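To start, the structure itself, in structure tokens.
Residue numbers (this note's numbering): 2 to 327.
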């Protein structure tokens with residue numbers, strides 16, 4: 002019988018800091034061609050989508066296929082809008098060896114780890130002030146990721162519903178006493194006054210406008226995972242250094258997709274994050290940097306591979322190969 006692990010089985014092994022090495026591994030594999038990571042986005046009904054992301058990685062004993070859904074109907078009634086599962090297969094036999102009924106937990110944490118990698122690569126060491134746009138789980142985790150790598154002293158939270166923004170402020174303040182958190186009532190003012198802008202929304206039209214930005218600022222856009230989403234004014238991308246998970250995802254999804262389709266920039270203007278990690282230095286302090294994260298299946302695979310020995314031990318199952326090192 003194939004073991005099934007629930008979110009509660011997986012949660013003890015989730016840590017943004019612990020998943021940073023696997024996030025770096027995924028970015029590098031995407032750029033050096035050792036990973037495959039096809040994506041299909043389905044829209045089964047208005048206000049709902051499901052992302053099917055699979056991945057293989059050279060030398061990895063397992064591969065994964067993820068189905069991650071999102072529902073506006075659930076969000077409207079205050080229920081968790083995200084759901085999903087990851088099926089783990091043996092790379093040698095292609096037999097399924099586990100189902101991870103994680104309800105988007107692995108996706109949440111690996112995305113936050115990717116945000117930490119990006120922040121460490123592109124956010125100025127002197128950065129002090131940040132704003133996060135969004136009030137959900139990923140908004141919270143992206144703030145936690147930023148604070149892991151930069152000594153930011155103040156964070157503003159903006160959301161369409163002020164009460165939700167205040168609730169996130171209270172939650173973050175309880176965990177990070179050294180940082181000042183407050184609700185941002187004026188998004189433009191908050192963006193103009195911040196060194197770092199984090200966007201974690203499902204916005205279909207830009208929330209951040211080009212004329213709000215100044216050289217040296219950094220933006221991480223998490224809501225860049227399908228062709229309908231666009232959190233940042235495409236004009237801003239034409240004036241910035243733009244970084245993506247992979248060229249293919251930049252062409253297909255988020256603000257880069259819209260900017261290229263509108264003729265504001267070329268595909269060659271996109272830099273893969275893995276290539277930037279290999280180069281070691283890439284940030285131009287005289288320009289804005291923008292990282293648009295679509296999230297690809299290889300990031301799920303490297304995260305699962307990182308915790309796989311712990312899950313096998315919990316189930317007392319014979320190992321299907323040995324995990325590879327990041």
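Yeah, the Cβ is synthetic: ideal placement off N, Cα and C, and Gly gets one too.
Bear in mind the structure is a predicted one, so any value in this text is a computation, not a measurement.
request  = Give the DSSP-derived three-state secondary structure of residue 225 in the structure shown.
outcome  = DSSP, read as helix, strand or coil, puts residue 225 in coil.
request  = Counting only runs of 3+ residues fully inside the segment 45-97, write out the beta strand (DSSP E) ranges in chain order.
outcome  = Correct list: 49-58, 63-72, 83-91.
task = Could you tell me the distance, in whole angstroms, from the CA atom of residue 21 to the CA atom of residue 29?
result = Each residue's alpha carbon lies about 12 angstroms from the other.
task = Return helix, strand or coil for residue 181, following the three-state DSSP convention.
result = If DSSP states are grouped into helix, strand and coil, residue 181 belongs with the strands.
inquiry  = Excluding the 5 residues flanking residue 52 on each side, which residues of the same chain have their C-beta closer than 6 angstroms to its C-beta?
reply    = Excluding sequence neighbours, residue 52 sits near 42, 69.
message = Classify residue 326: buried if its beta carbon has 16 or more other beta carbons within 10 angstroms, exposed otherwise.
response = Below a pLDDT of 50, predicted positions are generally treated as unreliable, and residue 326, at 45, falls in that range; the measurement from the model is reported next regardless. By the 10 Å Cβ count, residue 326 comes out exposed.
ask   = What are the residues that DSSP puts in a beta bridge with residue 189?
value = DSSP, once it has assigned bridges, lists no residue as partnering residue 189.
inquiry  = Assuming residue 272 is part of the beta strand (DSSP E), what are its boundary residues?
reply    = Counting along the chain, residue 272 sits inside the beta strand (DSSP E) bounded by residues 271-273.
task = Note down, in chain order, each residue of its chain lying with its Cβ closer than 7 angstroms to the Cβ of residue 301, except the 5 sequence neighbours on either side.
result = Hits under 7 angstroms: 54, 56, 65, 67, 87, 107, 108, 111.
request  = Could you tell me which uninterrupted alpha helix (DSSP H) segments, each at least 4 residues in length, are contained entirely in the segment 100-161, listed from first to last along the chain?
outcome  = If we require 4 residues or more, the alpha helix (DSSP H) runs fully inside the segment 100-161 come out as 106-123, 138-150.
ask   = For residue 35, does the three-state DSSP call read helix, strand or coil?
value = The answer is coil: DSSP assigns residue 35 none of H, G, I, E or B.
ask   = Exposed or buried, what is residue 175 when buried is set at 16 or more other beta-carbons lying within 10 Å of its beta-carbon?
value = By the 10 Å Cβ count, residue 175 comes out exposed.
query = Hey, quick one: how far does the alpha helix (DSSP H) through residue 167 stretch, first residue to last?
reply = Note, residue 167: alpha helix (DSSP H), 163-176.
Option nearest residue 127 by Cα separation, candidates 80, 150, 141, 144 = For the options 80, 150, 141, 144, the alpha carbon positioned closest to that of residue 127 is the one of 150.
request  = Indicate the three-state DSSP secondary structure (helix, strand or coil) for residue 43 in the structure shown.
outcome  = Per DSSP, reduced to three states, the secondary structure at residue 43 is strand.
message = I'd like to know whether the C-beta atoms of residue 191 and residue 214 end up nearer to each other than 7 angstroms.
response = Taking 7 angstroms as the Cβ cut-off, residue 191 and residue 214 do not qualify as a contacting pair.
ask   = When the distance is taken between beta carbons, is residue 244 closer than 7 angstroms to residue 209?
value = A distance of 7 angstroms or more separates the beta carbons of residue 209 and residue 244.
ask   = Hey, residue 250 and residue 295: beta-carbon distance below 7 angstroms or not?
value = It is a contact, given that the beta carbons lie within the stated cut-off.
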